[in-house]
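>
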Amino acid sequence: MKSTYAQRVYDDVAGRNPGEPEFLQAVKEVLTSIEPALEGNPKFEDHAILERMVEPDRMIKFRIAWVDDQGKTQVNRGYRVEFNNAIGPYKGGLRFHSSVTQSILKFLGFEQVFKNALTGLWMGGGKGGSDFDTHGKSEGEVMRFCQAFMTELYRHIGPNTDIPAGDIGVGGREVGYMYGQYKRIMNEFTGVLTGKGLAFGGSLGRTEATGYGLCYYTDEVLKTMMNDSFEGKIVSISGSGNVSIYAAEKTLELGGIVQVMSDSSGYIYDPDGINLDLVKDIKLVRRERISAYADTRKKAEFSANKKVWERPCDIALPCATQNELEETDAKQLISNGVKLVAEGANMPTTPEAIEALRTAKVVYAPGKASNAGGVAVSGLEMTQDSQRLAWTFEETDARLQRIMKDIVAQSLSASNQYGLGNDLLLGANLAGFVKVANAMVDQGIF
Ligand code: NDP
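Going by this note's numbering, 611 is the number at position 284 of the sequence shown; the sequence numbering is gapless.
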């Protein structure tokens, strides 16, 4: 790093957080990007802004005991990282996946702070979850786990304090069970979680928001930076969960062609274009593996333990998980002529892959900007809950479109202000950082 301040803080974070590679990766990316804002702004160092930003306000860790279908007691570990509330209550999803660790939740919480700032809504950053895996669990087991999780989490959250939502492994079903338990314990009906069912305070458009938002963002980048559109483009999408499915839906609506989707077991390729109704049935209704797609569609192929990035595309939308697009994948995409990579997942592209893409002049959009549509509509759900009013799908979707366009504009404006040209990565980090940093300065040492 060029800035001695940023380097000193990074070295300190690395020393204090051994064994947290994902967290350090996220911190390094942000600290490296925001160096131009540190120059000529000694107030940030005077107020120890970086030192305070890299340390979560609170890191809550707890035991979750629940009873499985055999009557056996199971124990999992739960977390909530309340990272920064300078511009609003802590806000960020809950992830249930066997790979969940403190490092992963800290990287997600840290990124969430800047992402939420970019939405223009009053939301601080947080994240949480558990190493519980919903795969292979019965309905009753998922419900009992969610109830046990909330029986501990409820004391730390609240509609004006910390408002969790979904993430990997946590969709409408899990949010519903957790909300029911919160209501039972607290005896109050408040918007303490987002992604709720429509009958009890949820927002139309929340389910679609991250995937649709990613496409609105990408469409704006295509128009403003590349004088182009989705029309006729081959779009590769990884994953087949919430973000991937609705990214595919909006891509198709905007005239793009989707031939590949995946899950953690491999990917499917359909030369005739993915039949999204079939993917929804397999993943959302039957909750089966993506390979089931090839059992139904004659021309489709399933490639076990392979990644979608080996197929040629114009636009790549990584929408599954962190570090899923590695340097070799980036090189393969580049040699196949990819023009744009926009992240639907959080930190799906490794630093080496980002470097390769940027060197090859592929337009690269960081997740904290391009996938902010989910948390943006969560923010709009909080507004509707406060108003005790439900907006139409069109109203929410129109606001989402405006927010995503504005994030592109903010990012380009920030990168140009610092003389960096049209750089979506540096611009997003700079715009988010400056907003939160100034709010911290204004509110005094805390
Ligand atoms: P889902 O649980 O709905 O879907 C996740 C998808 O990614 C599944 O297809 C899953 O396959 C695959 N996947 C998960 N882990 C791995 C892995 N280790 N290797 C390969 N594939 C994997 O999650 P979401 O769609 O909600 O989230 C996807 C990404 O988007 C995450 O990075 C999340 O943080 C990010 N995000 C989500 C938001 C939201 O609103 N939901 C908002 C902003 C970002 P399998 O079923 O086989 O595990």
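Just so you know, even glycine gets a beta-carbon here, dropped at the ideal spot from N, CA and C.
All values reported here derive from a predicted model rather than from experimental measurement.
Between which two residues does the alpha helix (DSSP H) containing residue 539 stretch?
533-553
> Check this for me: beta carbons of residue 666 and residue 690, under 8 Å apart or not?
yes
> Using 8 Å as the cut-off, can you tell me whether the stretch 754-762 makes contact with the stretch 731-741, which would need three or more C-beta pairs spanning the two stretches below that distance?
yes
> Quick check: the Cα distance between residue 492 and residue 361, rounded to an integer number of angstroms?
28 Å
> Going by DSSP in three states, residue 401 sits in which element: helix, strand or coil?
strand
> Check residue 393 in the structure and name its three-state DSSP category.
strand
> For residue 358, which residues of its own chain have a beta-carbon under 6 Å away from its beta-carbon, when the five flanking residues on both sides are left out?
Excluding sequence neighbours, residue 358 sits near 333, 337.
> Rank 416, 722, 352 by C-alpha distance to the C-alpha of residue 449 and give the top, closest one.
416
> Report the CB separation of residue 478 from residue 508 in whole angstroms; it is logged as a contact under 8 Å.
6 Å
> Taking just the CA atoms, how far does residue 346 sit from residue 353?
14 Å
> Based on Cα-Cα distance, which residue from 394, 447, 564, 335 lies nearest to residue 538?
564
> Less than 8 Å between the CB atoms is what I'm expecting for residue 497 and residue 405, so what's the real figure, rounded?
Incorrect: roughly 12 Å between the Cβ atoms, too far for contact.
> On the criterion of 16 or more Cβ atoms from any shown chain inside 10 Å, does residue 369 qualify as buried, or is it exposed?
With fewer than 16 other Cβ atoms within 10 Å, it is exposed.
> By Cβ distance, which residues of its chain are closer than 7 Å to residue 521, with the 5 residues on each side in sequence left out?
490, 492, 533, 705, 708, 709
> For residue 598, is the classification buried or exposed, using 16 other Cβ atoms within 10 angstroms of its Cβ as the cut-off for buried?
exposed
> Run the CB neighbour count on residue 518, radius 10 Å, all protein chains shown included, and call it buried at 16 or more, exposed below.
buried
> For residue 643 versus residue 660, is the C-beta spacing smaller than 8 Å?
yes
> From which residue to which residue does the alpha helix (DSSP H) around residue 707 run?
700-714
> Here's the rule: buried if 16 or more other CB atoms are within 10 angstroms of the residue's CB, otherwise exposed. What is residue 694?
Around the beta carbon of residue 694, 16 or more other beta carbons sit within 10 angstroms, so the residue counts as buried.
> At what residue ranges does the stretch 475-516 contain a whole run of the alpha helix (DSSP H), taking only runs of 4 or more?
499-513
> Mind checking residue 649: buried by the 16 CB within 10 Å criterion, or exposed?
buried
> Between the beta-carbon of residue 544 and the beta-carbon of residue 444, is there less than 8 Å?
no
> Less than 8 Å separating the beta-carbons of residue 454 and residue 432?
yes
> Within the same chain, show all residues whose beta-carbon is closer than 6 Å to that of residue 401, passing over the 5 residues directly before and after it, in chain order.
393, 395
> In whole angstroms, what is the alpha-carbon distance linking residue 330 and residue 561?
41 Å
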